[in-house]
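Undergrad: Residue numbers (our numbering): 6 to 121.
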(Lines of atoms letter the chains of each structure in order from A and count residues from 1; the text may use other names and numbers.)
(Lines give C-alpha, C1' and ligand atoms only; values in the text may rest on other atoms or scores of the structure.)
Protein backbone atom coordinates (compact mmCIF):
# COMPACT_ATOMS: atom_id res chain seq x y z
CA UNK A 1 0.00 0.00 0.00
CA UNK A 2 2.85 2.36 0.76
CA UNK A 3 4.79 3.45 3.80
CA UNK A 4 4.11 7.19 3.63
CA UNK A 5 0.49 7.83 2.63
CA UNK A 6 -0.12 11.49 1.79
CA UNK A 7 -2.97 13.84 1.03
CA UNK A 8 -6.16 11.81 1.06
CA UNK A 9 -9.06 13.47 -0.74
CA UNK A 10 -12.59 12.17 -0.23
CA UNK A 11 -15.58 13.17 -2.30
CA UNK A 12 -19.12 12.20 -3.11
CA UNK A 13 -19.17 10.68 -6.57
CA UNK A 14 -20.92 13.06 -8.98
CA UNK A 15 -24.18 11.79 -10.46
CA UNK A 16 -22.83 12.05 -14.00
CA UNK A 17 -20.26 9.27 -13.37
CA UNK A 18 -21.45 6.20 -15.22
CA UNK A 19 -21.27 2.95 -13.24
CA UNK A 20 -19.61 4.35 -10.10
CA UNK A 21 -17.82 1.88 -7.85
CA UNK A 22 -19.49 3.41 -4.79
CA UNK A 23 -21.12 6.62 -3.51
CA UNK A 24 -17.80 7.90 -2.12
CA UNK A 25 -14.28 7.93 -3.58
CA UNK A 26 -11.08 8.37 -1.59
CA UNK A 27 -7.96 9.29 -3.54
CA UNK A 28 -4.57 8.90 -1.84
CA UNK A 29 -0.95 8.05 -2.63
CA UNK A 30 2.34 6.98 -1.16
CA UNK A 31 4.53 10.10 -1.00
CA UNK A 32 6.92 8.62 -3.57
CA UNK A 33 4.38 6.38 -5.25
CA UNK A 34 4.00 5.46 -8.89
CA UNK A 35 0.23 5.89 -8.93
CA UNK A 36 -2.72 7.60 -7.26
CA UNK A 37 -4.70 5.02 -5.33
CA UNK A 38 -8.47 4.86 -5.10
CA UNK A 39 -10.78 3.40 -2.47
CA UNK A 40 -14.56 3.47 -2.59
CA UNK A 41 -17.48 2.99 -0.22
CA UNK A 42 -21.18 3.68 0.05
CA UNK A 43 -20.89 5.18 3.56
CA UNK A 44 -18.21 7.27 5.27
CA UNK A 45 -17.92 4.58 7.97
CA UNK A 46 -17.18 2.01 5.25
CA UNK A 47 -16.43 -0.62 4.54
CA UNK A 48 -13.87 0.90 2.15
CA UNK A 49 -12.56 -1.21 -0.72
CA UNK A 50 -9.26 -0.44 -2.43
CA UNK A 51 -9.58 -0.37 -6.23
CA UNK A 52 -6.42 -2.33 -7.16
CA UNK A 53 -5.60 -0.55 -10.46
CA UNK A 54 -5.71 2.83 -8.73
CA UNK A 55 -6.88 6.03 -10.40
CA UNK A 56 -3.80 7.39 -12.21
CA UNK A 57 -0.51 5.69 -13.04
CA UNK A 58 2.71 7.73 -13.29
CA UNK A 59 3.18 6.48 -16.85
CA UNK A 60 -0.21 8.01 -17.80
CA UNK A 61 0.29 11.27 -15.89
CA UNK A 62 2.43 13.29 -18.27
CA UNK A 63 5.01 13.72 -15.49
CA UNK A 64 8.68 12.84 -16.10
CA UNK A 65 9.44 9.12 -16.00
CA UNK A 66 13.20 9.41 -15.41
CA UNK A 67 15.04 11.31 -12.68
CA UNK A 68 16.42 14.63 -13.88
CA UNK A 69 19.99 15.76 -13.34
CA UNK A 70 20.76 17.93 -10.32
CA UNK A 71 24.32 19.12 -9.74
CA UNK A 72 26.08 18.77 -6.40
CA UNK A 73 26.07 22.56 -6.14
CA UNK A 74 22.28 22.70 -6.59
CA UNK A 75 21.74 20.00 -3.95
CA UNK A 76 24.07 21.82 -1.53
CA UNK A 77 22.27 25.13 -2.13
CA UNK A 78 18.88 23.53 -1.44
CA UNK A 79 20.23 21.76 1.64
CA UNK A 80 21.68 24.96 3.10
CA UNK A 81 18.47 26.90 2.39
CA UNK A 82 16.26 24.45 4.21
CA UNK A 83 18.47 23.17 7.04
CA UNK A 84 17.80 26.30 9.09
CA UNK A 85 14.04 25.90 8.68
CA UNK A 86 13.72 22.12 8.95
CA UNK A 87 16.73 21.38 11.11
CA UNK A 88 19.55 19.05 10.10
CA UNK A 89 17.86 16.01 11.63
CA UNK A 90 14.69 16.61 9.57
CA UNK A 91 16.42 16.68 6.17
CA UNK A 92 16.01 13.61 3.94
CA UNK A 93 19.03 11.31 4.06
CA UNK A 94 18.99 11.17 0.25
CA UNK A 95 18.07 14.73 -0.71
CA UNK A 96 19.05 14.22 -4.37
CA UNK A 97 16.74 11.22 -4.64
CA UNK A 98 14.01 13.00 -2.73
CA UNK A 99 14.18 15.87 -5.22
CA UNK A 100 14.39 13.85 -8.43
CA UNK A 101 12.58 10.51 -8.08
CA UNK A 102 9.60 10.60 -10.47
CA UNK A 103 6.36 10.10 -8.57
CA UNK A 104 2.72 11.10 -8.25
CA UNK A 105 1.44 11.87 -4.79
CA UNK A 106 -0.86 14.01 -2.69
CA UNK A 107 -3.76 14.17 -5.10
CA UNK A 108 -5.80 17.35 -4.99
CA UNK A 109 -9.17 16.42 -6.48
CA UNK A 110 -11.28 18.98 -8.32
CA UNK A 111 -14.66 18.07 -9.79
CA UNK A 112 -15.89 20.14 -12.72
CA UNK A 113 -19.66 19.81 -12.33
CA UNK A 114 -20.13 21.55 -15.68
CA UNK A 115 -18.31 18.69 -17.40
CA UNK A 116 -21.09 16.25 -16.61
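Ideal Cβ placement from N, Cα and C applies to all residues, glycine included.
In this text, all values refer to a predicted model and were calculated from it rather than measured experimentally.
#1: Closest to residue 24 by C-alpha separation, out of 15, 45, 36 and 14, would be which residue?
#2: Pairs of beta-carbons, one from the region 72 to 85 and one from the region 40 to 58, closer than 8 Å: are there three or more?
#3: At which residue ranges does the region 13 to 47 contain complete beta strand (DSSP E) runs of 3 or more residues, listed in the order of the chain?
#4: Within 10 angstroms of its Cβ, does residue 102 collect 16 or more other Cβ (buried), or is it exposed?
#5: With distances taken between CB atoms, is the gap from residue 32 to residue 14 smaller than 8 Å?
#6: Specify, as a first and last residue, the run of the beta strand (DSSP E) that residue 59 falls within.
TA: Let's see:
#1: Shortest Cα-Cα distance from residue 24 to any of 15, 45, 36 and 14 involves 45.
#2: No, the region 72 to 85 is not in contact with the region 40 to 58.
#3: If we require 3 residues or more, the beta strand (DSSP E) runs fully inside the region 13 to 47 come out as 29 to 35 and 40 to 46.
#4: Residue 102 should be labelled exposed.
#5: Yes, Cβ-Cβ distance for residue 32 and residue 14 is below 8 Å.
#6: In the DSSP assignment, residue 59 falls within the beta strand (DSSP E) that extends over 54 to 62.
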